[in-house]
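Residue numbers (UniProt numbering): 1 to 437.
Note that CB positions come from ideal geometry on N, CA and C, so glycine has one too.
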């Protein structure tokens with residue numbers, strides 16, 4: 001058994017290639033097949049409710065933007081309409097608003113299409129319309145082409161690439177969600193040569209955590225290797241996307257490495273993992289069990305009680321989810337079920353305690369919810385789970401939610417048939433599989 005804080009001995013990252021150009025052969029392949037556009041006057045009417053004061057500026061390019069575009073972009077800066085869906089609470093909203101605003105007024109010509117597409121897609125999803133307009137598709141295709149041709153030649157350009165990539169990633173999740181992971185990985189691959197240097201900047205930490213966490217979460221399920229292993233610069237970071245869990249990220253990366261190795265390790269029938277790999281699993285399990293979040297000294301004064309509970313719940317359920325994933329990488333359904341069920345129950349207990357105090361089950365916890373749900377055998381609880389998948393963020397990211405519902409139903413059906421199998425093998429068979437934070 002390893003000591004807490006010690007990394008597994010042989011967790012070596014295999015060569016990793018980004019297949020962005022192959023998976024997205026043209027900008028249009030990102031998007032849904034074009035449908036008849038909705039009445040744009042309705043979209044503009046919603047956007048016009050927000051004054052364009054945020055974009056009042058001396059910049060001639062910004063002054064020349066049509067009022068309808070200013071209003072649409074302005075929606076991305078609105079805390080109640082847009083930002084609240086991507087932060088833990090009000091304490092984080094101003095920071096995200098400022099970041100979006102600074103990025104846009106710094107690089108308006110490059111970010112224009114991605115911001116407009118993201119805003120238009122969000123307005124559509126907010127109104128529960130599923131089909132994208134031609135306007136969205138055209139803007140998204142243009143923005144994607146920009147990302148495909150970009151290079152990072154100096155550290156100052158990292159923030160630009162991250163802003164463009166994150167806006168496009170969000171738009172794709174709102175639209176079809178078929179290639180959001182490819183977009184995120186390509187974005188991270190562009191900054192990877194610069195990551196060791198920019199990771200020392202607190203500003204870069206804030207920008208990179210969202211796509212990095214999404215990439216890691218996806219790779220946990222697919223047993224793939226994330227683009228970047230997070231460099232812990234400050235153990236007391238409280239991030240608007242990942243809360244107190246940034247220090248857990250390196251260990252989640254290590255889980256991905258073990259998953260990838262076990263996926264590609266050919267074993268004789270009914271045999272266990274080789275001794276070295278088994279030792280790595282045990283070492284990493286001990287490390288994750290010993291992990292604790294490190295809140296800043298003034299934690300209780302910086303955030304509301306409501307936010308503190310959400311942040312602590314998020315950290316605990318991700319820790320439990322990591323341990324559950326480690327367990328299921330070694331034991332398929334039908335083996336080790338008791339421990340897996342206990343891990344699942346721990347996650348749901350955290351959700352219920354959080355809900356009893358805050359009125360919310362958790363924030364940005366789709367991955368723990370999904371892996372815990374796979375262990376559920378009660379029919380009534382399964383129905384509640386399917387309803388919760390499409391509630392909250394699932395209403396906005398409809399395509400992601402529906403795919404996760406179908407995945408859960410498929411896993412449950414196979415379990416009910418008494419089959420011994422690994423749910424990771426089912427994930428491998430789903431080409432278009434995305435996860436929300």
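Give the DSSP bridge partners of residue i, in chain order.
i: residue 239; result: 243
What does the alpha-carbon distance come out to for the pair residue i and residue j?
i: residue 75; j: residue 66; result: 15 Å
i: residue 182; j: residue 144; result: 11 Å
i: residue 357; j: residue 312; result: 13 Å
i: residue 287; j: residue 61; result: 52 Å
i: residue 212; j: residue 228; result: 7 Å
i: residue 214; j: residue 106; result: 26 Å
i: residue 420; j: residue 149; result: 46 Å
i: residue 369; j: residue 347; result: 7 Å
i: residue 123; j: residue 113; result: 15 Å
i: residue 27; j: residue 141; result: Below a pLDDT of 50, predicted positions are generally treated as unreliable, and residue 27, at 34, falls in that range; the measurement from the model is reported next regardless. So the alpha carbons of these two residues sit roughly 5 Å apart.
i: residue 425; j: residue 249; result: 24 Å
i: residue 155; j: residue 278; result: 40 Å
i: residue 134; j: residue 257; result: 41 Å
i: residue 260; j: residue 70; result: 45 Å
i: residue 220; j: residue 196; result: 23 Å
i: residue 225; j: residue 201; result: 25 Å
i: residue 412; j: residue 178; result: 24 Å
i: residue 436; j: residue 236; result: 24 Å
i: residue 433; j: residue 406; result: 11 Å
i: residue 265; j: residue 332; result: 15 Å
i: residue 341; j: residue 108; result: 50 Å
i: residue 379; j: residue 328; result: 22 Å
i: residue 245; j: residue 318; result: 8 Å
i: residue 204; j: residue 418; result: 48 Å
Of all the options the options, which has the alpha carbon lying nearest to the alpha carbon of residue i?
i: residue 422; options: 249, 218, 123, 410; result: 410
i: residue 390; options: 246, 366, 90; result: 366
i: residue 310; options: 340, 279, 238; result: 238
i: residue 147; options: 132, 121, 188, 174; result: 188
i: residue 136; options: 335, 289, 170, 108; result: 170
i: residue 448; options: 110, 132, 111; result: Here the chain covers residues 1 to 437 and nothing more, so residue 448 does not appear.
i: residue 303; options: 279, 240, 264; result: 240
i: residue 362; options: 177, 315, 427; result: 315
i: residue 160; options: 247, 110, 393; result: 110
i: residue 376; options: 359, 360, 416; result: 416
i: residue 355; options: 388, 95, 342; result: 388
i: residue 232; options: 217, 101, 329, 253; result: 253
i: residue 117; options: 206, 174, 339, 218; result: 174
i: residue 293; options: 91, 283, 242, 284; result: 242
For the alpha helix (DSSP H) containing residue i, list its first residue and its last residue.
i: residue 74; result: 67-75
i: residue 172; result: 158-175
i: residue 318; result: 305-330
i: residue 413; result: 398-416
i: residue 253; result: 249-263
i: residue 108; result: 108-126
i: residue 363; result: Looking at the DSSP string, residue 363 is not in any alpha helix (DSSP H), and its letter there is neither H nor E.
i: residue 61; result: 60-63
i: residue 380; result: 379-389
i: residue 184; result: 180-191
i: residue 280; result: 275-290
i: residue 424; result: 423-428
i: residue 86; result: Looking at the DSSP string, residue 86 is not in any alpha helix (DSSP H), and its letter there is neither H nor E.
i: residue 208; result: 202-222
i: residue 143; result: 134-149
i: residue 300; result: 299-302
Counting only C-beta atoms, is residue i closer than 8 Å to chain C at any point?
i: residue 127; result: Checking the listed chains, one finds no chain C in this structure; it contains a single protein chain.
Quick one: does the C-beta of residue i sit closer than 7 Å to a heavy atom of the ligand PLP?
i: residue 139; result: With respect to the ligand PLP, the structure shown offers nothing to examine, as it has no ligands at all.
Between the stretch 201-212 and the stretch 151-166, can you find at least three pairs of beta-carbon atoms closer than 8 Å? yes
Does the stretch 288-302 come close enough to the stretch 338-355 that 3 or more CB-CB pairs lie under 8 Å? no
Is the number of C-beta pairs between the stretch 178-197 and the stretch 115-133 that are closer than 8 Å three or more? no
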